Structure formats: C-alpha cells, structure tokens
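Working notes for the structure below.
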Amino acid sequence: VTDSLRSRGAGDIAASVRTGQRSAVDVAHAAIDAIRADDGAINSVTEVFAERALRTAERVDAAVRTGADPGPLAGVPFGVKDLFDVAGVTTLAGSAIYADRPPAERDAPAITALEGAGAVLVATLRMDEFAYGFTTENTHYGPTRNPRDLARIAGGSSGGSAAAVAAGLLPLTLGSDTNGSIRVPAALCGVFSLKPTFGRVSRAGMAPFVDSLDTIGWMARSVGDLVIALDVLDPSERSAAADPGRLRVGVLGGYFAADGSGAALAAVDAAATALGANRVIESALAPAARSAAMLVTAAEGGELHLDDLRGRGRDFDPMTRERFLAGALLPAAAYLDAQRFRAVWRDEVARLMRDVDVLLAPATPFSAPAIGERSVVVGDREMLVAPNLGLYAQPLSFVGLPVVTAPVTRPGEMPVGVQVIARPRREADAIRAAFALEEAGVASCSVVAVGAGSP
Amino acid sequence: VPDLDAVYRPGDPAEAAELLPYVRATAAVLRVDLSDFDELATAGHLAGLLRQHRIVESAGAGQRPDIAPTFVP
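Those protein sequences? They're chains A and B, same order as listed.
Here the first sequence is numbered in our numbering, starting from 1 and rising by one per residue.
Here the second sequence is numbered in our numbering, starting from 1001 and rising by one per residue.
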C-alpha cells in the first residue's frame, strides 16, 4: 500500500478516497510510515502529528461513509513549513529562539482551509532559520538533503517542503516565498510549485519574515495538484476555468539570461520552444530590483528580530545572525529608497508585460550544489552559492508576481526549474503554460527513492 | 554587472573596517550587545547592503514616483 501511494498525486489520492476505493486512514498511515522509514535520510520533517492525522482521516472516512462530500482533497496528506501555526504546537520557524514560545492557540487559516477540503495535516517541515536563506543548511536542526542526491542541498528556505514532495513522503506541502523560498527549493528538488500573487492568499498564522514580501506558496508533483490547492486556498476565483485563448509568451533576457549555467538556460529554451515564445524582453532595471529586494528584506527582517538581537544574539543561527544585525543597522534612507524603487520597478514590469501573458526565466542560475559548498563555477565565473540562488527569483517577487516553477529533469543530472511568470492575479495564465509544458514532456516530476521504504 | 554577491560576505576587510565605528555607535543606540556578534562580519554585510543601496540610487535617479497604495503592478 505504501509504495503505490507514494508515487500518487493529491488528485489521484482524493479521487480514490472519495469513491471509497481507499480509506483516508490507510493513506494517513502510509504517509506516517513513509516519513518514519525514510525521512532520516533527508531530514525534511520537523514533527509528525500521527494522532491528529489519524483523527482527521477518520472524519474524512466518516463523511465518505455517510455520503457527505469530503472535499476535493479528501484524505490527501500534507505538510507545512515549520513557520505555520499548528494548534498546540510551538511554531519554531527553524529557530532555537522560538522554542521557548508557547504553543499556537489555533491552526493557520491555510491549514484550516486545506483540512476543510478533506486534506490531512501530517507534519511540519524543515526550513532555514526565520526563512532567511536559500539552502536549508540549518545549524540548529541539520541540513535538509536533496532526495535526488543526498550529498546536495534541497534549496531553501522551504527546503523541507520540497524534499518531502520529491521523496514521495507527502504529495502536497505548504511553504512561503519572500525572495524565492518556494521557487528555489522546488527547482533544486525537481518539483512543481506555485507562488501566488502577493496578497492573494492570507498569511495569517504564519511567522512573518518580511511583511512587504512574504507570500504563502505550495508544492506538488503535478500542475493539476497545484490548481486543486489554489482553488481551495482562494475559492474566490476558479483557476482551472481560464479562458482558452492562445497565450502570448515571452522570454526574459538580459539580466535573466546572464550568469546562468548551460542547463538552466537550456531549460528555458526548451520551455520557450514548447510554448511558441516569440519575443525576448529585457530591462536594465532588473539588477536594481534585486538590490532593492535585498534592502527591504534586510531592514524589515532586522527590525522584526531586534528584540532578540538585543538579548539573545548568540542563539541565532550563525547563518543569519550578522545578516539580521546588519539589516537592523541599515540607514532608513536605504530602506525608503528601496521601497520607492519598488514603484518604479512595478511600472517597468507592467510595461514589460503589456504585450505578453506569460514570461519565462530560469528559477535558479545552477542546479543543487553540494551541502557545505560555498561557491560553484558557472562558465568561467565563480559564483557564491547562497547569495546567488535567488538571482532570478528576487526581482519578480519584489513586485508580487505569481509564478509557477516547472521542473525540468535531465537523465543522470540534477533538475533545474523554469519560472512561468504571469501578471498579478493571473495565476491561470501561468498554470495554463505550465500544463502545456507538462503535456509536452518538457516539465515533469517523479518520486525518487531515498531509503528502504521507497518505491 | 554589479557585485551582487557582496551582501552575503564579509567583503573587503578595509571597507568593512571603515564601517566599524558606525556599527558600534548604531548598535549602542539600539542597545545591541556586540559581544554576541562578529563585528567585522556585521560591518561586511552592512557594506554589502550599502553597495546595493548605491545600485538602487543609481537606477532610480530622477525617478521618484509616489508610492502607490498597492505594490503589485
């Protein structure tokens, strides 16, 4: 039972539970068993909620037995990044500092919404401390390993969310994206992800990092599963009901085509060919957008943690400690200029997207480096790993654009990702393009074996 | 291409050292005990951020639109 379930997506599982072919309790048991058998190899899970999961699953099965609608995610096990509130559990946000905090009084609304649709919360998932990182090499809790090569990073900061999906431990996970923290790990682990438009899905009950940028996102092994979750998390718009007209597709060039590895750029080329992209779009302002995103992130993150920087500096992860403090010390003029530039970049992006529905860009400049590796060589240039993983992601989230990450897997090599970018609140366009990439075989995600219990 | 890496690394020690007086004074104003931190690394990260600020200033020169009520285009 476990093996056959681990390669199944959320939609498949829900269909089998809704029709009574499989019980939600069996599915929950299988997910819990899979985590217990194999998570030791990848360290994607913070805490498993076996009792709660089985209780929730029993309610789903009871609904099926009585003929009630159990919801579109009936019996689907899911996990959430360690920064979502779970009732009765202390929200760690990847830190040791928050371990002293009282348990959350209630679930984050996103969890309530997913469980309201029949899904079953099984676990919280690893992350960089306070989401300030792209590698999930968390000093307190150990690195999360990439299921496709255990010597490599999973990416971050939602590294546990991506690794758990790639390893088949869970078919659906929530994470958060401030500067690329959904898109980077999705690309490095080879799974699909959706970062919706800033503000579209409530962030309530999620430990903040950067108020101006934080966005909930999620990961799965197919575009269809991303859509089911979107329709549950924002039922105000039905994403699948997008108009069927032909998409106008462009490729981001210039900044977004420089400094990338051959594999990252080739993936975009393959996607562009499959989608019939017929124009390259560039902006000289893109580097400054990334710089401004760094300033806003550092200043807001530093201010958020100022009290703990004052009293508990030594308890921070060395990966974040001095970066948060530098942000707290940043002159206000730098922050205000960055926020002001946001409006300039917003207007520029609106101009860039005037004649296209979807833009394509690499998700990261290179595939997953080894754990502990500080730099990689791309072409003839040595690039630092941690700062550059967000190279292509940051300018886009800086103005809140929705992005689907489509994983491109190459035989014998690590995956890379393509960002499929749409206009604000036009997730449907990115989804349609990603569906097309999936149908064309350009983008795909399969479960990878990581331990004795793997398929 | 601007040196976007700088924000994450200690950077030029001389540049960081120049910022040490600012780091110490501002940390004192904010009541942060610097003995918990690597001063030079903090100054290096700050130097990187200030470099990002110069990039933003240079790109946005002459463009000072009103901040709109929403940040998405």
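Think of the CB as a built atom: it goes at the ideal place given N, C-alpha and C, for glycine as much as any other residue.
Bear in mind the structure is a predicted one, so any value in this text is a computation, not a measurement.
Along chain A, in chain order, which residues have C-beta atoms closer than 8 Å to that of R1031(B)?
Going along chain A in sequence order, the residues near R1031(B) (Cβ under 8 Å) are R310.
Out of curiosity, what's the CA-to-CA distance linking S157(A) and V280(A)?
Roughly 30 Å separates the two Cα atoms.
Verify whether the separation of the beta carbon atoms of A187(A) and T405(A) is less than 8 Å.
Yes.
Please report the straight-line C-alpha distance between E427(A) and P196(A), rounded to a whole angstrom.
Using only the alpha carbons, I get a separation of about 7 Å.
When the cut-off is 8 Å and only beta carbons count, does S1018(B) lie next to chain A?
In the sequence as presented, Ser is not what sits at residue 1018(B); that position holds Glu. So no, E1018(B) is outside the interface.
Residues in the region 287-306 of chain A with C-beta within 7 Å of chain B's C-beta atoms, listed in sequence order?
Correct list: P287, A288, R290, S291, A292, M294, L295, A298, L306.
Listing by chain order, which chain B residues have their CB less than 8 Å from the CB of A328(A)?
What A328(A) touches in chain B: L1030, V1032.
Output needed for A1043(B): all residues of its chain with C-beta closer than 6 Å, excluding positions within five of it in sequence on either side, in chain order.
Only A1016, L1019, L1020, V1023 meet the Cβ criterion.
L230(A) to F84(A), Cα distance in whole Å?
Rounded to the nearest angstrom, the two C-alpha atoms are 17 Å apart.
Between which two residues does the beta strand (DSSP E) harbouring R126(A) extend?
Segment: none, R126(A) is in no beta strand (DSSP E) and carries neither H nor E.
Could you list which residues in chain A have their beta carbon closer than 7 Å to that of A1027(B), in chain order?
Within 7 Å Cβ-Cβ: L329.
Closer than 9 Å by beta-carbon distance: list the chain B residues that pair up with D337(A), in chain order.
Correct list: H1053, V1056, E1057, G1060.
Applying the criterion that 16 or more other CB atoms from any shown protein chain within 10 Å of the CB defines a buried residue, is T273(A) buried or exposed?
The residue in question, T273(A), is exposed, as its Cβ has fewer than 16 Cβ neighbours within 10 Å.
Chain B partners of L325(A), CB-CB under 7 Å?
Going along chain B in sequence order, the residues near L325(A) (Cβ under 7 Å) are V1032, F1037, T1042.
Looking only at C-alpha atoms, which of G441(A), E413(A), A422(A), L389(A) sits nearest to I182(A)?
The shortest C-alpha separation from I182(A) is found at L389(A).
Curious, which full-length beta strand (DSSP E) runs of at least 3 residues does the region 82-145 of chain A contain?
Entirely contained in the region 82-145 of chain A, the beta strand (DSSP E) runs reaching 3 residues are, in chain order, 120-125.
If you draw a straight line from the C-alpha of A333(A) to the C-alpha of D234(A), how long is it?
Cα-Cα distance, rounded: 37 Å.
Just to confirm, are F256(A) and R342(A) a CB contact at a threshold of 8 Å?
Not in contact: F256(A) and R342(A) (Cβ atoms no closer than 8 Å).
For G175(A), list the residues DSSP reports as bridge partners.
Paired residue(s): G217(A).
Leaving out five residues on either side along the sequence, give the residues of the same chain with a beta carbon under 7 Å from the beta carbon of L514(A).
The first residue shown for chain A is 1 and the last is 455, placing residue 514(A) beyond what the model contains.
Using CA atoms only, rank isn't needed, just tell me which of P77(A), V349(A), A123(A) is closest to R8(A).
R8(A) has its Cα closest to that of P77(A), out of P77(A), V349(A), A123(A).
Considering only C-alpha positions, which residue in the set Q339(A), R354(A), D308(A) is nearest to L1030(B)?
The shortest Cα separation from L1030(B) among Q339(A), R354(A), D308(A) belongs to D308(A).
Would you kindly work out how many angstroms separate the C-alpha atoms of S446(A) and A166(A), rounded to a whole number?
If I take the Cα positions, the gap works out to 7 Å.
Consult DSSP for L360(A) and reduce its assignment to one of helix, strand or coil.
Note: L360(A) maps to strand in three-state DSSP.
Closer than 8 Å is the cut-off here; do at least three beta carbon pairs connect the region 258-271 of chain A with the region 361-368 of chain A?
Enough Cβ pairs lie closer than 8 Å, so yes.
Kindly indicate if chain B contains any beta-carbon less than 8 Å away from that of G313(A).
Closer than 8 Å: yes.
Going by beta-carbon coordinates alone, are A471(A) and A87(A) separated by less than 8 Å?
With chain A represented from 1 up to 455, any question about residue 471(A) goes unanswered, as that position is not in the structure.
Among residues of its own chain, excluding the 5 on either side of A299(A), which ones have a beta-carbon nearer than 6 Å to its beta-carbon?
G327, L330, Y335, listed in sequence order.
Do we get a CB-CB distance below 8 Å when we pair A131(A) with the residues of chain B?
It does not: the Cβ of A131(A) has no partner Cβ on chain B nearer than 8 Å.
Whether or not the region 125-134 of chain A and the region 372-381 of chain A are in contact is what I'm after, with contact meaning three or more pairs of Cβ atoms, one per stretch, closer than 8 Å; do they touch?
The region 372-381 of chain A is not in contact with the region 125-134 of chain A.
Is the number of C-beta pairs between the region 45-65 of chain A and the region 18-29 of chain A that are closer than 8 Å three or more?
Taking 8 Å as the limit for Cβ pairs, the verdict is that the region 18-29 of chain A does touch the region 45-65 of chain A.
Hey, quick one: how far does the beta strand (DSSP E) through S375(A) stretch, first residue to last?
Run containing S375(A): 375-378, per the beta strand (DSSP E) assignment.
What does the Cβ neighbour count give for S16(A), buried or exposed, with the cut at 16 atoms within 10 Å?
Under this definition S16(A) is a buried residue.
In terms of DSSP beta bridges, what is M383(A) paired with?
DSSP, once it has assigned bridges, lists V376(A) as partnering M383(A).
Tell me the start and end of each unbroken beta strand (DSSP E) in the region 302-376 of chain A that is at least 3 residues and wholly inside, in chain order.
Segments of the beta strand (DSSP E) lying fully in the region 302-376 of chain A: 358-362.
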